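Residue numbers (the working numbering), protein chains in the order written: chain P, 56 to 286; chain W, 56 to 286. Glycine included, each C-beta is placed from N, C-alpha and C at the ideal position. Treat the numbers as computed from the prediction; the structure is a model and nothing was measured.
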DNA sequence: GGGCCGCGTTGACGGAAGTCAAAAAATCGA
DNA sequence: TCGATTTTTTGACTTCCGTCAACGCGGCCC
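Written as structure tokens, this is what we have:
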């Protein structure tokens, strides 16, 4: 029995649609791995040596300038695929935000397997196209929205994305959730500074739009107001 | 004889790698079309009805807010693929920047054909992964670079991208080129205002880094300075 | 419990880029 | 060729957000 049989993302990740023989073969070239919060899995500009499926936890994809400025260019949740197949180097670092469990493959092994299994490549294509859509809508946010619009959009996105993972499976967006980001990381997602993020959070709290029970917890009190602010 | 036989992007677009029979079949479901400068080809949020290969010309991909702010989220050059296969709606509008020639397919026809031709899907996957890389590095620019870094990065990217299309085929980056963008469109690419773009251009001209022979023409006098400014 | 450390908040201030307005330059049609 | 229109540039002013600095709070270890 392969570990895929008990995998919680078996039917959502790109492995979905593979038959038992294929899963067995894929299982053979992959292995499970824990990544603890803060630990890097892939380095920017490094040879792209591995790719992975996220089983559990949240990871950030980042690019940095030489002088240390950082931009989070993507966030990977359970069932998401990370890494850069069919390429020499990966354009972003991948670092765990929470303790995470991933299913890793050497890039070469994965590339070979994928080329032999069109159904898998198709799933990967659909996923990549969807990620490109999401990334492009984030460009709108980075280029054209002001701080309060950015924060409102971010909170709504979080409430959608984190709803799926919680114990309540997809009963609409989460009203209350625990951010996988520090304030600095929120700033790195939105292209702001930590101070601006903090001020905007405080402002929303004072206006009664959200509640902040603890550093990482957010409760949305007035979703309509957030939607209006998000623009 | 199919029109693909004389297609200038035949060996660079996703059609590369298909054999004669397959090209014939693909040619059967597609048709060539002109798009004049300023004319839209695909509307944001509309049902994704068509996809296309760019044969000649340059097109912009944009997203807009309700109140009219616009962000250019991608630029399509000859041999690039545009549109959203395997999805209901496209997340960006596509509008021609210059007169352009494209090879269009109905999305349904294309989806069906692609699923039957793994080699084509693979090409599309490679292209989409590369586009995602490029988009992510653009997020860095939008989120973390200041106006002069943005302009410098933009000019270098233009000089690379436009080198390939000119009569001089890929002798390194172009030293002098004609922008396919108005000042407003440059602003929409970089997340700036037209006034800021204009001031930065003037500044670079005064510093002797570039020359501006006409509105659309740019000549790079000091590439090293641009690289340094781009950060 | 107390002190330390990292993270987050708040305040004061300045500057980069946005806004508004007008002049200048290029484009276009008659 | 000339005037009309659009695009770009330039200037004056404003504002949003970044920077710098101090403070507060919670967690953690001894």
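Enclosing alpha helix (DSSP H) for residue 279 of chain P [first to last residue]: Going by DSSP, residue 279 of chain P is part of the alpha helix (DSSP H) stretching over 278 to 285.
For the putative contact between residue 272 of chain P and residue 233 of chain P, defined by C-beta atoms under 8 Å, what is the C-beta separation to the nearest angstrom? Beta-carbon to beta-carbon, residue 272 of chain P and residue 233 of chain P are separated by about 6 Å, close enough to satisfy the 8 Å threshold.
Report the neighbours of residue 129 of chain W on chain P: residues whose CB is nearer than 8 Å to its CB, in chain order. Simply 191.
Check the Cβ of residue 124 of chain W against every Cβ in chain P and list those closer than 7 Å, keeping chain order. Simply 199.
Could you check whether the Cβ of residue 284 of chain W sits closer than 9 Å to any Cβ belonging to chain P? Interface flag for residue 284 of chain W against chain P is unset, since no Cβ pair is found closer than 9 Å.
Can you list, in chain order, the residues of the segment 161 to 182 of chain P whose Cβ is nearer than 8 Å to any Cβ on chain W? Against chain W - using a Cβ distance shorter than 8 Å - the residues of the segment 161 to 182 of chain P are 170, 173, 176, 177, 179, 180 and 181.
Please report the residue range of the beta strand (DSSP E) in which residue 95 of chain W lies. Note, residue 95 of chain W: beta strand (DSSP E), 95 to 97.
Straight-line Cα distance separating residue 264 of chain P from residue 284 of chain P: Between residue 284 of chain P and residue 264 of chain P, the C-alpha separation is close to 10 Å.
Report, in whole angstroms, the separation of the C-beta atoms of residue 138 of chain P and residue 107 of chain P, which I expect to be a contact under 8 Å. About 6 Å separates the two Cβ atoms, so the contact holds.
Between the C-alpha atoms of residue 105 of chain P and residue 116 of chain P, what's the straight-line distance to the nearest angstrom? Those two C-alpha atoms are separated by around 14 Å.
Name the two residues that bound the continuous beta strand (DSSP E) containing residue 143 of chain W. In the DSSP annotation of this structure, residue 143 of chain W is not part of any beta strand (DSSP E), being labelled neither H nor E.
Determine which residues of the segment 141 to 154 of chain P have a Cβ less than 8 Å from any Cβ of chain W, and write them out in chain order. For the segment 141 to 154 of chain P, which is checked against every Cβ of chain W, the residues closer than 8 Å are 141, 142, 146 and 147.
Spatial distance of residue 270 of chain W from residue 250 of chain W (CA atoms): Taken atom to atom, the span from the alpha-carbon of residue 270 of chain W to that of residue 250 of chain W is near 14 Å.
Under the three-state DSSP convention, the category residue 270 of chain W falls into: Note: residue 270 of chain W maps to coil in three-state DSSP.
Within a Cβ cutoff of 8 Å, which residues of the same chain sit near residue 176 of chain P, ignoring the five residues on either side of it in sequence? Only 169 and 170 meet the Cβ criterion.
Nearest chain P C-beta to residue 139 of chain W closer than 9 Å, yes or no? Flagged as an interface residue toward chain P: residue 139 of chain W, by a C-beta distance shorter than 9 Å.
Inspect the beta-carbon positions of residue 98 of chain W and residue 145 of chain W and report whether they are closer than 9 Å. If you check the CB distance, residue 98 of chain W and residue 145 of chain W come in under 9 Å.
Below 7 Å between beta carbons is the criterion; list the residues of the segment 98 to 110 of chain P that meet it against any residue of chain W, in chain order. Hits within the stretch: zero.
Pull out every residue of the segment 249 to 260 of chain P whose Cβ sits closer than 9 Å to any Cβ of chain W, in chain order. Going along the segment 249 to 260 of chain P in chain order, one finds no residue with a Cβ nearer than 9 Å to chain W.
What would DSSP say about residue 241 of chain P, mapped onto helix, strand or coil? Here residue 241 of chain P sits in helix by DSSP.
Nearest-angstrom Cα separation, counted from residue 201 of chain W out to residue 275 of chain W: A straight-line Cα-Cα distance of about 20 Å links residue 275 of chain W and residue 201 of chain W.
Which of the three DSSP states is assigned to residue 184 of chain W in this structure? If DSSP states are grouped into helix, strand and coil, residue 184 of chain W belongs with the helices.
Near residue 230 of chain P, which residues of its chain fall below 7 Å by C-beta distance, leaving aside the five closest residues on each side in sequence? Spatial neighbours of residue 230 of chain P in its own chain (CB-CB distance under 7 Å, excluding positions within 5 residues in sequence) are listed in chain order as 274 and 275.
Contact list for the segment 203 to 215 of chain P against chain W, Cβ threshold 8 Å: With the criterion set as a beta carbon lying under 8 Å from some beta carbon of chain W, the segment 203 to 215 of chain P has no members that meet it.
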